[in-house]
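Okay, structure first, notes after.
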Amino acid sequence: MKDQMALFSIVMTSVMFVLWVIICWRMIAPLTVRRSTKILLAAALLAALVLYYVTRLFVKEGLPVEVNTTLRWIGYLSLGFISLTIPFLFVKEVLQFGGRVVGDKKEPVDGARRAFLHNAGNAAVMAAVLPTMAFSIQEAFQKPIVKNNALKIAGLHPDLEGTTIAHISDLHVGSILDEKWLNALMSQVGELRADMFVLTGDAIDGKVSRVGKELDSLLKFEAPLGKFFVTGNHEFYSGVDGWVEQMRALNFTVLNNEHTLIQKGEGKLLLAGVWDYSGERFGEHYASDPFAAKAGAPEHDLSILLAHQPKNIFEASRAKFDIQLSGHTHGGQYFPWTYAVHLFQPYVQGLHQVDDSLLYVNTGTGFWGPPMRFTVPPEITLHTLTRA
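This note's numbering numbers the first residue of the sequence shown as 1332 and each following residue consecutively.
Structural data, given as structure tokens:
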């Protein structure tokens, strides 16, 4: 796991360096300011982009919380800035290249005019990026919206009809979001008075020793039919065995390729869960297996699978689960990832019919990386079991 996190930091640092070169080449170098000013701008941007990831590589014992949080803010805001700037810059470059192609080639090149237009185009890029970034930061920290979702099941047992499930996912507590944020979130979830509470992975970013105490409000929260948890990829990055034990200590039923039977009146609901889809990379015994999660299941009227990643739905459908509840995608979180995420996940947000199964993808209650969301607000889902 440590090797994978080191590899992640190396890859991120390399990517940031390449993007930094592009920004320097196309935006900083053409500025009509002193050379020393350009060097200062380029150096400041590089430091902001890579300092956090370089620190993770070389500071093995960890940093004081305040220092670590400050570095995260600088690094993630810089990442957000550059990941917004690059696509806008690409559009500007294409438009300007097109203008040169269709322009009058007989006219002599006016270097001063070209430089002015280039810098004016870059100013337009900033005029688009900065307000978008400001709006995205505001949206990331707004109170999560409650999405009411009807899970319509043909022949649903009468005693299960109307059962409500509060569903949150991808909190990422310990990165930028903290205990205060989680306390407010759980107060909001409590107001829903749902029958069941499920958390579909990526509760944290960090080891139990650093983040564990920030989850105390989860211990205090109760639901009549229980509260349930499955691992996400970030639990694996942060020591999955420790987090499984910690979530159990917080009175969650943790479902690792396992199931439990929930009785409501005469209705029987089989609730199962799997390890994260990527778990097998950390050991064969962590392989995500919907069939194993259902093996030996008692007689039941309805089956629901909790799986962090939507990718599990194909195996879940073959295993004859009626419903799968997932997260992981964050709905792409912000532009341009709201489009790019479709390259990696078959389903990104909302309700889908997949063969004979229903899939619901929560777009995340927190955020990861840049503290930004654009047109994908943080979400709490309130599912209601309903007869079709």
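Each residue gets a CB set at the ideal place from its N, CA and C atoms; glycine is no exception.
Note that this is a predicted model, so its numbers are computed, not measured.
Check	Outcome
To the nearest angstrom, report how far apart residue 1677 and residue 1654 are at their CA atoms.	16 Å
On the CB-based measure, 16 or more other CB atoms within 10 Å of its CB, does residue 1351 come out buried or exposed?	buried
How far does the alpha helix (DSSP H) with residue 1580 in it extend, from its first residue to its last?	1571–1580
Exposed or buried, residue 1370, counting other C-beta atoms within 10 Å across all chains shown (16 or more means buried)?	exposed
What separation, rounded to the nearest whole angstrom, lies between the Cα atoms of residue 1625 and residue 1631?	11 Å
If residue 1652 sits next to residue 1636, beta carbons under 8 Å apart, how far is it from one beta carbon to the other, in whole angstroms?	4 Å
Let me know if residue 1518 comes out buried or exposed under the rule of 16 or more other beta-carbons within 10 Å of its beta-carbon.	exposed
Is it buried or exposed, residue 1590, if we count other Cβ atoms within 10 angstroms and call 16 or more buried?	buried
Measuring CA to CA, which of 1458, 1549 and 1622 is closest to residue 1516?	1549
Give the secondary structure of residue 1365 by DSSP, where H, G and I count as helix, E and B as strand, and everything else as coil.	coil
Rounded to a whole number of angstroms, what is the C-alpha to C-alpha distance between residue 1276 and residue 1683?	Because the chain here runs from 1332 to 1719, residue 1276 falls outside it and cannot be looked at.
Residue 1523 and residue 1499 - do their beta-carbons sit closer together than 7 Å?	no
Given a threshold of 16 other Cβ atoms within 10 Å of its Cβ, counted over all protein chains shown, does residue 1670 qualify as buried or as exposed?	exposed
Expressed to the nearest angstrom, what Euclidean distance is found between the alpha-carbon atoms of residue 1679 and residue 1690?	10 Å
For residue 1391, is the classification buried or exposed, using 16 other Cβ atoms within 10 angstroms of its Cβ as the cut-off for buried?	Because residue 1391 sits at a pLDDT of 49, beneath the cut-off of 50, its placement in the model cannot be relied upon, and the following sentence gives the value as read from the coordinates. So residue 1391 ends up on the exposed side.
To test your reading of the DSSP string, which unbroken alpha helix (DSSP H) runs of 4 or more residues are found completely within the region 1534–1558?	1539–1542 and 1547–1551
Over the uninterrupted alpha helix (DSSP H) stretch that includes residue 1432, give me the two end residues.	1396–1433
Using a threshold of 7 Å, state whether the C-beta atoms of residue 1273 and residue 1640 are closer than that.	The structure shown does not extend to residue 1273, since the chain is modelled only from 1332 to 1719, so the question has no answer here.
May I ask which residues mark the beginning and end of the beta strand (DSSP E) holding residue 1665?	Run containing residue 1665: none; DSSP gives neither H nor E here.
Relative to the C-alpha of residue 1620, which candidate in 1598, 1644, 1601 and 1594 has its C-alpha closest?	1644
Going along the chain, which unbroken runs of the alpha helix (DSSP H) with 4 or more residues stay wholly within the region 1664–1703?	1668–1671
Any contact between the region 1481–1496 and the region 1461–1468? By contact I mean 3 or more CB pairs, one from each, below 8 Å.	no
Smallest Cα separation from residue 1606: which of 1571, 1412, 1409 and 1577?	1571
Among 1576, 1527 and 1376, which residue has its Cα nearest to the Cα of residue 1539?	1576
Looking only at DSSP bridge pairs, what is residue 1718 linked to?	1484
Taking residue 1506 as the reference, give the member of 1422, 1381, 1512 and 1537 with the closest Cα.	1537
Identify which residue in 1514, 1527, 1700 and 1450 has its Cα closest to the Cα of residue 1424.	1450
Does the beta-carbon distance from residue 1708 to residue 1468 come in below 7 Å?	no
Measuring straight from C-alpha to C-alpha, what distance separates residue 1557 and residue 1646?	26 Å
Expressed to the nearest angstrom, what Euclidean distance is found between the alpha-carbon atoms of residue 1586 and residue 1346?	36 Å
In this structure, does DSSP put residue 1652 in helix, strand or coil?	coil
Count the other CB atoms, across all protein chains shown, that sit within 10 Å of the CB of residue 1501; report buried if there are 16 or more and exposed otherwise.	buried
Express the C-alpha separation of residue 1581 and residue 1479 in angstroms, rounding to a whole number.	26 Å
Leaving out five residues before and five after residue 1693 in sequence, what residues of the same chain have Cβ atoms less than 6 Å from its Cβ?	1498, 1500, 1658, 1710 and 1712
Beta-carbon within less than 6 Å of residue 1474's beta-carbon, same chain only, minus the 5 sequence neighbours each way: which residues are those?	none
On a Cα-Cα basis, can you pick out the residue from 1718, 1706 and 1698 that is closest to residue 1512?	1698
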